[in-house]
Structure formats: C-alpha cells, structure tokens
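Be aware that the sequence shown starts at 40, since it is given in our numbering, and climbs by one per residue. We put the CB at the ideal spot given by N, CA and C, even for glycine. Written below as structure tokens is the structure these notes are about.
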Amino acid sequence: MLDMNSSQPLYEQIKQHILYNIHTGKFTPHTRIPSERSLSKQLGVSRLTVNKAIKELIQDGWLYVQIGKGTFINDGTIDQELDTLTGFTEEMAKRGQRADSYVLEIGVQPASDTVAQTLRIAKGLPVVRLKRIRRVNNQPIALETSSLIVALCPNIERYDFSKLSLYDILRNEYDIRLVYAQQTFESRRATDDEAHHLKLKKGSPILAIARVTYADNDAPVEYVESVYRGDKYKFTAILRRI
Ligand code: GLP
40 MLDMNSSQPL YEQIKQHILY NIHTGKFTPH TRIPSERSLS KQLGVSRLTV NKAIKELIQD
100 GWLYVQIGKG TFINDGTIDQ ELDTLTGFTE EMAKRGQRAD SYVLEIGVQP ASDTVAQTLR
160 IAKGLPVVRL KRIRRVNNQP IALETSSLIV ALCPNIERYD FSKLSLYDIL RNEYDIRLVY
220 AQQTFESRRA TDDEAHHLKL KKGSPILAIA RVTYADNDAP VEYVESVYRG DKYKFTAILR
280 RI
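Pasting the structure below:
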C-alpha cells in the first residue's frame, strides 16, 4: 500500500491513503478512523509518521478529534481558524479544495455612507463593488460583496473574478499588502435573495460577517459584507491567555 522507495514522503502517502478512503466512501462522516497505533501496525510505519499525517488532515479540516474518543471523519463543514488573515481561495487551497466564484456584479459606483465611513473616504467617491457567490466543488458556500477604493486599484474590474483571487490580484498587480482585518459576526436568517444564491431554504440560519481589511500603513483597503451558509462553515477563534 505504501511505497517505501517513493520520493513522496511516507506521511504524505498516509494522508493520500486516508483521503482515498474518505473519497471512496469507506470512511463516512463522523465515523472513527483506526487509532494511530493500529494504522502504524497496518501500514508498517512509525506512530510518529502516522501522527504527522493525521495532524495535517486535522489542520486541513478532513478529520476532527474528540478527546478521549478518537479521531473522526469530518462531514464537509469548513472550519476556519481565526488566527490569520487569509482570503477565501487561500483558505480552500489549504484544505486541498479549489474555490471559484460566480460574479453577480462588478463595477464602479459612488461610495455609500457606510462604505465611505469605513474606508475613510468622502461619500460619493468611486468604489469598485464586487459581488460574488463563493463556491467549493460547485457548491455555494458564501455570498460576498466587497467594496474597494478605485484610486488604490484602478481598473480592477477588468479581471475575471470568477476564477481569480481578489487578494492575489491586489498583491501581484497593485502591490497592496494586506496585514490585518477586523471582523464582526452576526447570526441571522437568510433574506430571500441570499437564500436563493446560497441554495438554502428561505429563512435558513446564516452567519453574516462585516470585515474591513487594512494594508501595512493602517489604511483600510476593502470593506466586505459576507453571508456564510450556517450548515457549511464554522469559525474557531484561538484565545490565548495574556
Ligand atoms: C475572504 C474574506 C473577504 C475577502 C476574500 C478574498 O472571503 N472574508 O473579505 O475579500 O476572502 O478572497 P479571494 O482572494 O479568494 O478573492
């Protein structure tokens, strides 16, 4: 099963082995995977190697641990740890998933009161508004409406955001380094429009997030209002005692 002569590290091969069992339905959601000890016996490798593979699969959201009970298969809910600033495409890539978007709207328009205040610009100045359905494996996960100051990223609307990452374009084409963000969360019921785009039943629970992302000079760059499917996404915050 494992190829000891392969250039692919053993822990990588073990990850592939477990993922294969998940994808082929041998390991179904919420069932326990064999213990590290039995996997190491079964595969003929050290427990340390198995542990490394399992740790990474937990980090990537494929597995989760129940203390005292074992390690279980995740049910496809995406669990994002809130300790680093990442974009959607990057978050999904970390999990070995490919994200794409359906662009509902992209264009320049005058900043509303809220957008102007948040981005610290005068009301009415031009902002780019990008409204996207964020998808993974063709499934809608979130609806995001981003507003960006036109002066910082002129003509950004020419890019095809159904395939491209906004953060990649900001970094690579406009040299904008995003450094931190402030997010507020609110749980509520989906509006009819949100439910339609996210393929949810009317009034389903969703997680609404407002985010302002700042560049290294503390200047706000984007203001985003997003709505995440409550059944597909959860956020875990890392709290450290100070
Ligand atoms: C996340 C953030 C958004 C940000 C987006 C960028 O979803 N909540 O504020 O605009 O990532 O994602 P991407 O780089 O994939 O376009």
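According to DSSP, residues forming a beta bridge with residue i
i    : result
L246 : S226 and Y267
R168 : G146 and S186
S140 : R173
T275 : E120
S252 : One detail in the question is off: residue 252 reads as Thr in this sequence, not Ser. Looking at the DSSP assignment, T252 forms a beta bridge with A220 and E261.
Y103 : F111
A181 : R173 and Y267
R280 : Bridge partners of R280: none, in fact.
R210 : Paired residues: none, contrary to the question.
R71  : F111
Distance, residue j Cα to residue i Cα
i    : j    : result
L58  : Y253 : 37 Å
T63  : D152 : 51 Å
L209 : C192 : 7 Å
L121 : E129 : 14 Å
R174 : K238 : 11 Å
I215 : R86  : 44 Å
T67  : I281 : 40 Å
T88  : T230 : 48 Å
D307 : P244 : Because the chain is modelled from 40 through 281, residue 307 falls outside the range shown and cannot be assessed.
P48  : D42  : 9 Å
V166 : V142 : 17 Å
R134 : Y267 : 18 Å
A234 : M40  : 45 Å
E144 : G163 : 19 Å
S45  : L169 : 45 Å
Q55  : N176 : 19 Å
E212 : L78  : 46 Å
Y50  : K241 : 44 Å
I196 : H69  : For clarity, residue 196 is Glu in the given sequence; the question names Ile instead. Spanning the two alpha carbons is a distance of roughly 43 Å.
R76  : V104 : 16 Å
C-beta neighbour in chain D for residue i, strict 8 Å
i    : result
S226 : In the structure shown, chain D cannot be found, because there is only a single protein chain.
Distance CB(residue i)-CB(residue j) smaller than 8 Å
i    : j    : result
A181 : Y272 : yes
I53  : L82  : yes
G107 : S74  : no
D118 : G146 : no
F200 : R227 : no
L124 : L217 : yes
H236 : P149 : no
Taking 8 Å as the threshold, find out whether the region 213-223 comes into contact with the region 237-250 through three or more Cβ pairs. Yes, the region 213-223 is in contact with the region 237-250.
Flag this pair as touching only if the region 258-275 and the region 179-190 have three or more C-beta atom pairs under 8 Å; answer yes or no. By the Cβ test, the region 258-275 is in contact with the region 179-190, since at least three Cβ pairs between them sit closer than 8 Å.
Using 8 Å as the Cβ pair cut-off and three pairs as the minimum, do the region 78-96 and the region 125-142 touch? They do not touch, by the three-pair rule.
Stretch-stretch touch, CB-based, cutoff 8 Å, three pairs: the region 146-160 with the region 103-114: Between the region 146-160 and the region 103-114, the count of C-beta pairs closer than 8 Å stays below three; the two stretches do not touch.
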